[in-house]
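Everything on this sheet refers to the single structure shown next.
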Amino acid sequence: MRAQVRCAWCGHSRCNRAEMMFFSNEHSSPKLLQLCLDTLHRIFCFFSSVCFWTLRRLWATEGSHVSPVDRKLEERQIQSTTPASVNYHFTRKCNYKCGFCFHTAKTSFVLPLDEAKRGLKLLKASGMEKINFSGGEPFLHDRGEFLGKLVQFCKLDLQLPSVSIVSNGSMIKENWFQKYGDYLDILAISCDSFDETTNQLIGRTQGRKSHVDNLFKIRNWCQQYKVAFKINSVINTFNVDEDMREQITELNPVRWKVFQCLLIDGENAGEAALREAERFVISDQQFEEFLDRHSSVSCLVPESNEKMRNSYLILDEYMRFLDCREGRKDPSKSILDVGVKEAICFSGFDEKMFLKRGGKYVWSKADMKLEW
185 MRAQVRCAWC GHSRCNRAEM MFFSNEHSSP KLLQLCLDTL HRIFCFFSSV
235 CFWTLRRLWA TEGSHVSPVD RKLEERQIQS TTPASVNYHF TRKCNYKCGF
285 CFHTAKTSFV LPLDEAKRGL KLLKASGMEK INFSGGEPFL HDRGEFLGKL
335 VQFCKLDLQL PSVSIVSNGS MIKENWFQKY GDYLDILAIS CDSFDETTNQ
385 LIGRTQGRKS HVDNLFKIRN WCQQYKVAFK INSVINTFNV DEDMREQITE
435 LNPVRWKVFQ CLLIDGENAG EAALREAERF VISDQQFEEF LDRHSSVSCL
485 VPESNEKMRN SYLILDEYMR FLDCREGRKD PSKSILDVGV KEAICFSGFD
535 EKMFLKRGGK YVWSKADMKL EW
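Per the numbering used here: the sequence shown = residues 185 to 556.
What follows is the structure in structure tokens.
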């Protein structure tokens, strides 16, 4: 009867190496064969371990690039996010046709005023300190009355520290300032060029109106009615070589926000998009060269694609948070239906990048100490 041989490595008698050892002993195999078998066994055990741990990691992540632990931490961080600054695009309709626009008129829907106020109240209860109304063109709906009532509600009823608007400026009248100017902290006017021909090429124009002349007129109204004046510019192929230092210095805004042209699938890129912004896109190097040229402008606040994409809390016309992490705008459920805490989990908001880009600043005109 053949004696039982146990493997010196793993201790099992049924190990293939143990059988080979018995066979080699029976037939007086040389020591070299024994050494080879021992080496092969060690290699086998090593690769078995590697395969086991690799498969275990794959099973644990369930096909995801993020481990369950990391995913839980990410979800917990999003759930604890306070919506300090929110951008509410309550309308998508616009009277301009800017070729790079990344929030286009895919619908004409606007919430009833009472529902919009209810959503703003929910946001305030969740920690909102600043609301920014945008579009589309926010002064287009109801000739600015709808917007004015929201601005007044946020400042008087909700007592928000900061209420701001982003507009192309074409629909603003002085009587709007007379009625609602006291409730508005910041008015940002979009201006991409001080050359009217360039504005025509971009699509930031309507008829024969001068966008630049209107910009100066609104700046004067802001000073007169004590509203902080801001300028937003999108840098693209048509204005990337422009020198705006003289005009920006003359206008003297509290902030000059300079954005790198951004592509968003379904908005200004892709088959379903209403705009084709690919021809407006500039490289990172071109954007940096523009920033270097204007580095002497103290109010300049640059925002590259990396900084901009996920660092804004964006609400659409249905009050759904929009997640831009995949290069498109994926909506959450409306805060009117599920509340802010649940909806914000699907916002894709990068709070660290929000702080890094300077999203938190002195945003109440009462604290700006401006010389009116």
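No residue lacks a Cβ here, since even glycine has one placed at the ideal position from N, Cα and C.
Please read these numbers as outputs of a predicted model, since none were measured by experiment.
CA-CA distance, residue i and residue j?
i: L520; j: R302; result: 8 Å
i: F474; j: D298; result: 44 Å
i: R463; j: D427; result: 21 Å
i: D514; j: G450; result: 10 Å
i: K536; j: K544; result: 11 Å
i: C445; j: A453; result: 12 Å
i: F337; j: S548; result: 16 Å
i: D500; j: V347; result: 17 Å
i: D534; j: L399; result: 32 Å
i: R255; j: T265; result: Residue confidence is low: R255 scores 49 on pLDDT, short of 50, so the model does not pin down where it sits. Its coordinate-derived value is still stated next. The straight-line gap from Cα to Cα measures roughly 15 Å.
i: A471; j: R429; result: According to the sequence displayed, residue 471 carries Phe and not Ala. Approximately 16 Å, taken between the alpha carbons.
i: C508; j: S488; result: 15 Å
i: H478; j: F538; result: 23 Å
i: S518; j: A527; result: 7 Å
i: C235; j: F530; result: Low local confidence applies: a pLDDT of 49 at C235 is under 50, so the model's placement there is unreliable, with the coordinate-based value given in what follows. The alpha-carbon atoms of C235 and F530 are separated by roughly 36 Å.
i: R276; j: D476; result: 34 Å
i: F317; j: E490; result: 23 Å
i: L239; j: V522; result: Only weak support is given to the placement of L239: the predicted model assigns it a pLDDT of 45, under 50, and the value that follows is read from those uncertain coordinates. Whole-angstrom Cα-Cα distance: 38 Å.
i: I315; j: D397; result: 28 Å
i: F286; j: I402; result: 25 Å
i: V294; j: I466; result: 33 Å
i: D366; j: E455; result: 44 Å
i: I498; j: N420; result: 23 Å
i: K540; j: F330; result: 33 Å
i: A289; j: N416; result: 20 Å
i: N271; j: V546; result: 17 Å
i: N404; j: K441; result: 19 Å
i: D425; j: R392; result: 25 Å
i: F274; j: Q469; result: 34 Å
i: A550; j: P345; result: 9 Å
i: A244; j: Q431; result: Reliability of the predicted coordinates at A244 is poor, the pLDDT of 42 falling under 50, and no value is obtained from them.
i: A300; j: S269; result: 17 Å
i: L304; j: T433; result: 36 Å
i: I349; j: A457; result: 25 Å
Kindly give me the distance between the Cβ atoms of residue i and residue j, rounded to whole angstroms, as I take these residues to be in contact under 8 Å.
i: F323; j: S351; result: 6 Å
i: S516; j: F505; result: 4 Å
i: K414; j: I370; result: 5 Å
i: G283; j: R459; result: 6 Å
i: A412; j: M312; result: The pair is not a contact, with the Cβ atoms about 19 Å apart (cut-off 8 Å).
i: I448; j: G532; result: Not a contact, Cβ separation roughly 13 Å.
i: F609; j: M492; result: Only positions 185 to 556 of the chain appear in the structure, and residue 609 is not among them; the question remains open.
i: V335; j: L368; result: 5 Å
Within a Cβ cutoff of 7 Å, which residues of the same chain sit near residue i, ignoring the five residues on either side of it in sequence?
i: W556; result: Q407 and K410
i: A461; result: G283, F284, C445, L447, N452 and A453
i: K333; result: L297
Going along the chain, which residues of its own chain have a beta-carbon closer than 8 Å to the beta-carbon of residue i, five neighbours each way excluded?
i: V524; result: P267, L306, L307, A309 and S310
i: G542; result: V485
i: Q390; result: N279, Y280 and S354
i: H395; result: N352, G353, S354, C375, E380, N383, R388 and T389
By Cβ distance, which residues of its chain are closer than 6 Å to residue i, with the 5 residues on each side in sequence left out?
i: G328; result: W360
i: L554; result: none
i: Y502; result: S518
i: S212; result: Note that S212 scores a pLDDT of 45, beneath 50, so its modelled location is shaky; the value from the coordinates is reported in the next line. Answer for S212: no residue qualifies.
Using a Cβ-Cβ cut-off of 8 Å, state whether residue i counts as contacting chain D.
i: P296; result: Absence of chain D from the displayed structure is noted, only one protein chain being present.
Is residue i close to the ligand NAP? I mean its beta-carbon at under 7 Å from any heavy atom of the ligand.
i: Q470; result: Among the ligands in the structure shown, none appear at all, so the ligand NAP cannot be discussed.
Do the stretch 349 to 364 and the stretch 319 to 333 meet, that is, are 3 or more Cβ pairs less than 8 Å apart?
Contact between the stretch 349 to 364 and the stretch 319 to 333 is present, because at least three Cβ pairs lie under 8 Å.
If you pair each beta-carbon of the stretch 375 to 384 with each one of the stretch 326 to 341, do three or more pairs fall below 8 Å?
Output reads no: the stretch 326 to 341 does not touch the stretch 375 to 384.
Contact between the stretch 357 to 365 and the stretch 407 to 417: three or more CB pairs below 8 Å?
Yes: the two stretches touch, three or more of their Cβ pairs being nearer than 8 Å.
Can at least three beta-carbon pairs, one atom from the stretch 482 to 489 and one from the stretch 431 to 451, be found at a separation below 8 Å?
Result yes; three or more Cβ-Cβ pairs closer than 8 Å.
For the stretch 421 to 486, which segments carrying the alpha helix (DSSP H) assignment without a break, of at least 4 residues, lie completely within its bounds, in sequence order?
The qualifying runs are 429 to 435 and 468 to 477.
Every unbroken beta strand (DSSP E) inside the stretch 326 to 353 [3 residues or more]
Counting only runs of at least 3 residues, the stretch 326 to 353 fully encloses the following beta strand (DSSP E) elements, listed from N- to C-terminal order: 346 to 351.
What runs of the alpha helix (DSSP H), each 4 residues or longer, lie entirely inside the stretch 364 to 426?
Complete alpha helix (DSSP H) runs here, min 4: 380 to 386 and 395 to 408.
Mind pulling the beta strand (DSSP E) runs of 3 or more residues that sit fully within the stretch 491 to 555?
Complete beta strand (DSSP E) runs here, min 3: 504 to 507 and 514 to 518.
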